[in-house]
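Colleague: If you count the sequence shown from 1, position 79 lands on 207 in the working numbering, and the numbers rise without skipping. All residues carry an ideal CB built from backbone N, CA and C; glycine is no exception. Just so it is clear, the structure is predicted and the values come from calculations on it, not from any experiment. Let me give you the structure first, and then I'll get to my questions.
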Amino acid sequence: MMTGNDWENVWLIKGKTFLESFPNIKSGHAVVIEDGDGTHPGIGSLPWGGRIVSFERSNGQIPCSNPKCTGGVYIEPEVYDMIQKGEDERDFPIGCPGPRCANFFKIKVVLRYKS
Ligand SMILES: [Zn+2]
129 MMTGNDWENV
139 WLIKGKTFLE
149 SFPNIKSGHA
159 VVIEDGDGTH
169 PGIGSLPWGG
179 RIVSFERSNG
189 QIPCSNPKCT
199 GGVYIEPEVY
209 DMIQKGEDER
219 DFPIGCPGPR
229 CANFFKIKVV
239 LRYKS
């Protein structure tokens, strides 16, 4: 069974892209609604703080918008669990782990599998 560290080895440290790491996935993205300091009007029809993060160009981190925070949230354990279970969509909340940062994210991960 893979741990979170193994996931990072697959996706981040070895430098593989998301799609190279998961050949049964056609595409994946996260709809991110961020609340807190430094957030911006939503992209397109999304509410304030809303944006789309494509996994094809992602290192697994959703960057935090707080100008005093250099971190962000790592969502790869959730995504990996979804792939293991064959889930198409999953909503979950996650708080920024940055020190003295109170930004909060509502994440909806959408995966499309190859048929
Ligand atoms: Zn933060």
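In the DSSP assignment, what are the bridge partners of residue 212?
Modeller: Paired residue(s): none; residue 212 is not in a bridge.
Colleague: Using a threshold of 8 Å, is the CB atom of residue 170 nearer than that to any non-hydrogen atom of ligand 1?
Modeller: no
Colleague: Identify which residue in 208, 144, 207, 194 has its Cα closest to the Cα of residue 166.
Modeller: The residue with the shortest Cα to Cα distance from residue 166 is 194.
Colleague: Taking Cβ to Cβ, would you say residue 178 is nearer than 9 Å to residue 171?
Modeller: yes
Colleague: Would you tell me roughly how many angstroms separate the C-alpha atoms of residue 218 and residue 238, rounded to the nearest one?
Modeller: Just so you know, the alpha carbons of residue 218 and residue 238 end up roughly 7 Å apart.
Colleague: Touching or not, the segment 208-216 and the segment 224-233, by the rule of three or more beta carbon pairs under 8 Å?
Modeller: no
Colleague: Return the chain-ordered list of same chain residues with a C-beta closer than 7 Å to the C-beta of residue 220, the five sequence neighbours on each side being excluded.
Modeller: 206, 235
Colleague: Can you name, in chain order, every residue of its own chain whose Cβ lies under 6 Å from the Cβ of residue 155, other than the five neighbours on each side?
Modeller: 240
Colleague: Just how far apart, CA to CA, sit residue 134 and residue 210?
Modeller: Its pLDDT being 40, under 50, residue 134 is placed unreliably in this model, and the value from its coordinates should be taken loosely. Each residue's alpha carbon lies about 16 Å from the other.
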